[in-house]
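Asker: Residue numbering for the sequence shown follows our numbering, beginning at 3 and increasing consecutively.
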Amino acid sequence: EWSGIYHELNKWHRFSRGYLAIGYDLSVTPMQIASAYLPLLNGGYKVPMHVVDSIYNGAEKISLTNGLKRERIIEAQYSQVARVLLRKGVESGSTGHRANLLNIDVVGKTGTAITEVFRGGSENKPEKYYQSIFVGGFPLENPKVSILVLLEDPQGNGARAAGRVATPLFAQVANQIIPYLGLVDGEVHTINTNEFLSLIPIINESVSNIMPDLTKLSLRDALKDISYIVTNNNAKIIIQGEGYVSEFSPQAGSVITNDSIIRLILEAPKRVE
3 EWSGIYHELN
13 KWHRFSRGYL
23 AIGYDLSVTP
33 MQIASAYLPL
43 LNGGYKVPMH
53 VVDSIYNGAE
63 KISLTNGLKR
73 ERIIEAQYSQ
83 VARVLLRKGV
93 ESGSTGHRAN
103 LLNIDVVGKT
113 GTAITEVFRG
123 GSENKPEKYY
133 QSIFVGGFPL
143 ENPKVSILVL
153 LEDPQGNGAR
163 AAGRVATPLF
173 AQVANQIIPY
183 LGLVDGEVHT
193 INTNEFLSLI
203 PIINESVSNI
213 MPDLTKLSLR
223 DALKDISYIV
233 TNNNAKIIIQ
243 GEGYVSEFSP
253 QAGSVITNDS
263 IIRLILEAPK
273 RVE
């Protein structure tokens, strides 16, 4: 693996401290970033990176990680402080807010590096080249998963900053992992719907801005039905209760406009005696 670039202290120049504070004047691989991030999540331990945890020989399970030693490099209390600070990196209003999951507290940080490259062409002028990254983990109190998303020179829809392009991918991947970890999405109270694009793998763009009938739908199906019209209008969803949709507003057939508020009231199915 490439060793990266990090200057020894005696080779710093007068701008190094300012550059390092915003991620410049050094170069590391995505694997090195992920490795450095883990102690902030796991209580302060450096964990050797590995691909396979164990193998089976018939019914016998053979661990391949027993010989790997965890080395403490950060005190536990500082790891906890780091998690709290990284939680702020995904709260509403932060650059990482699109990485949020339903009722599972995510921690993480975005990063966007900009360099210049020559792509050729008649004018042969340098163009900006973006590297957009988000590294995060969940759940906050007892992290089980860390995910790093790196996009090299993203081009879609004119969005290049990590907060726009890397964080939704983090949430999509996380939502695929959650069922295998036994992490249960609980009741949802309020969602900023720019953040919930990641909940729905495919957005149905064939629908208009007309509110559909959501009666008796599960929460997930209801969100799927309104995903396009809500995200297209920067609306906000307020959800009460759990179970299936019993009431909603605006009523079916209403036109959803910019900054609309959609309220869903859920009720659990009644038990038949």
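By construction, the Cβ of each residue, glycine as well, lies at the ideal position given by its N, Cα and C atoms.
Count the other C-beta atoms from every protein chain shown that fall within 10 angstroms of the C-beta of residue 44, then say buried if there are 16 or more, exposed otherwise.
Answerer: The residue labelled residue 44 in the question sits at position 42 within the sequence shown. Answer is buried; the Cβ neighbour count reaches 16.
Asker: What are the boundary residues of the alpha helix (DSSP H) that residue 172 is part of?
Answerer: Residue mapping note: residue 172 aligns to position 170 of the sequence shown, counting from 1. Following the DSSP letters along the chain, one finds residue 172 inside the alpha helix (DSSP H) bounded by residues 164-183.
Asker: For residue 83, count neighbouring Cβ atoms within 10 angstroms of its own Cβ and tell me buried if that reaches 16, exposed if not.
Answerer: Locating residue 83 in the sequence shown gives position 81, counting from the first residue. It is exposed - the Cβ of residue 83 has fewer than 16 other Cβ atoms within 10 Å.
Asker: Closest to residue 221 by CA distance: which of 239, 174, 175, 235 is it?
Answerer: On the sequence shown, residue 221 is found 219 positions in, with the first residue counted as 1. Of 239, 174, 175, 235, the smallest CA-CA separation from residue 221 is found for 239.
Asker: Going by C-alpha distance, which of 212, 17, 171, 99 is nearest residue 229?
Answerer: Here residue 229 corresponds to residue number 227 of the sequence shown, with the count starting at 1. Of the listed residues, the one whose Cα sits closest to residue 229 is 212.
Asker: Pull up the distance between the alpha-carbon of residue 6 and that of residue 30, whole angstroms please.
Answerer: Here residue 6 refers to the residue found at position 4 when the sequence shown is read from its first residue. Here residue 30 refers to the residue found at position 28 when the sequence shown is read from its first residue. In a straight line, the C-alpha of residue 6 is about 5 Å away from that of residue 30.
Asker: Just checking my contact of residue 268 with residue 251 at CB under 8 Å: how many whole Å lie between their CB atoms?
Answerer: Position 266 of the sequence shown, counted from the first residue, corresponds to residue 268. Position 249 of the sequence shown, counted from the first residue, corresponds to residue 251. Going by Cβ atoms, the distance from residue 268 to residue 251 rounds to 13 Å, so no, they are not a contact pair.
Asker: Going by DSSP, what residues sit across from residue 265 in a beta bridge?
Answerer: By 1-based counting over the sequence shown, the position of residue 265 is 263. Answer by DSSP bridge pairing, in chain order: 240, 251.
Asker: Within the same chain, show all residues whose beta-carbon is closer than 7 Å to that of residue 101, passing over the 5 residues directly before and after it, in chain order.
Answerer: Indexing the sequence shown from 1 puts residue 101 at position 99. Excluding positions up to five away in sequence, the list reads 92, 108, 110, 136, 138, 169, 172, 173.
Asker: What residue does the beta strand (DSSP E) around residue 59 start on, and which one ends it?
Answerer: In the sequence shown, the residue the question calls residue 59 occupies position 57. It spans 56-59 - the beta strand (DSSP E) in which residue 59 sits, taken as one unbroken run.
Asker: So does residue 35 have its beta carbon nearer than 7 Å to some heavy atom of the ligand COA?
Answerer: Within the structure as shown, the ligand COA is missing, as the structure has no ligands at all.
Asker: In chain order, which continuous runs of the alpha helix (DSSP H) of length 4 or greater are located wholly inside the region 25-54?
Answerer: 32-43
Asker: In the DSSP assignment, find the unbroken beta strand (DSSP E) run with residue 149 in it and report its ends.
Answerer: Here the question's residue 149 lines up with position 147 in the sequence shown. Unbroken beta strand (DSSP E) run through residue 149: 147-154.
Asker: For the beta strand (DSSP E) containing residue 116, list its first residue and its last residue.
Answerer: The sequence position of residue 116 within the sequence shown is 114, counting from 1. For residue 116, the enclosing beta strand (DSSP E) stretches over residues 109-120.
Asker: Quick check on this structure: which residue in 86, 59, 98, 259 has the alpha carbon closest to the alpha carbon of residue 235?
Answerer: Numbered from 1 along the sequence shown, position 233 holds the residue referred to as residue 235. When only C-alpha atoms are compared, the closest one is 259.
Asker: Would you list the residues sitting across from residue 130 in a DSSP beta bridge?
Answerer: Within the sequence shown, the letter at position 128 stands for residue 130. Per DSSP, 118.
Asker: Kindly identify the DSSP beta-bridge partner or partners of residue 63.
Answerer: Indexing the sequence shown from 1 puts residue 63 at position 61. Paired residues: 58.
Asker: Could you give the DSSP three-state label for residue 256: helix, strand or coil?
Answerer: Walking along the sequence shown from the start, residue 256 turns up at place 254. In the structure shown, residue 256 sits in coil (DSSP, three-state: anything other than H, G, I, E or B).
Asker: Which of the three DSSP states, helix, strand or coil, is assigned to residue 103?
Answerer: In the sequence shown, the residue the question calls residue 103 occupies position 101. In the three-state reduction of the DSSP assignment, residue 103 falls in the strand class.
Asker: Since residue 165 contacts residue 98 with CB under 8 Å, what's their CB separation in whole angstroms?
Answerer: Locating residue 165 in the sequence shown gives position 163, where the first residue counts as 1. Locating residue 98 in the sequence shown gives position 96, where the first residue counts as 1. That pair is a contact at about 6 Å.
Asker: Taking residue 149 as the reference, which of 32, 63, 115 has the closest Cα?
Answerer: Translated into the one-based positions of the sequence shown, residue 149 becomes position 147. Out of 32, 63, 115, 32 has the C-alpha closest to the C-alpha of residue 149.
Asker: Measuring only the C-alpha atoms, how far is residue 24 from residue 16?
Answerer: Taking the first residue of the sequence shown as 1, we reach residue 24 at position 22. Taking the first residue of the sequence shown as 1, we reach residue 16 at position 14. Looking at the two C-alpha atoms, the distance is approximately 15 Å.
Asker: Do the region 42-57 and the region 72-86 make contact, defined as three or more Cβ pairs closer than 8 Å?
Answerer: By the Cβ test, the region 42-57 is in contact with the region 72-86, since at least three Cβ pairs between them sit closer than 8 Å.
Asker: With DSSP as the reference, label residue 138 as helix, strand or coil.
Answerer: Counted from its first residue, the sequence shown places residue 138 at position 136. Residue state, collapsed to three classes: strand.
Asker: Do you know how far the Cα of residue 58 is from the Cα of residue 66?
Answerer: Along the sequence shown, one-based indexing puts residue 66 at 64. Along the sequence shown, one-based indexing puts residue 58 at 56. If I take the Cα positions, the gap works out to 11 Å.
Asker: Do the CB positions of residue 254 and residue 215 come within less than 8 Å of each other?
Answerer: Reading the sequence shown from its first residue, position 252 is the one you call residue 254. Reading the sequence shown from its first residue, position 213 is the one you call residue 215. Result yes, Cβ atoms of residue 254 and residue 215 sit closer than 8 Å.
Asker: In chain order, what residues of the same chain have a beta carbon less than 6 Å from the beta carbon of residue 114, not counting five sequence neighbours either side?
Answerer: For this step, residue 114 is matched to residue 112 along the sequence shown. Excluding residues within five positions, the ones whose Cβ falls inside 6 Å are 134, 163, 164.
Asker: Closest to residue 21 by CA distance: which of 63, 116, 37 is it?
Answerer: Sequence index remark: in the sequence shown, residue 21 carries index 19 (1-based). The candidate whose alpha carbon is nearest that of residue 21 is 116.
Asker: When DSSP labels each residue in this structure, what does residue 220 get in the three-state scheme?
Answerer: The residue labelled residue 220 in the question sits at position 218 within the sequence shown. Here residue 220 sits in strand by DSSP.
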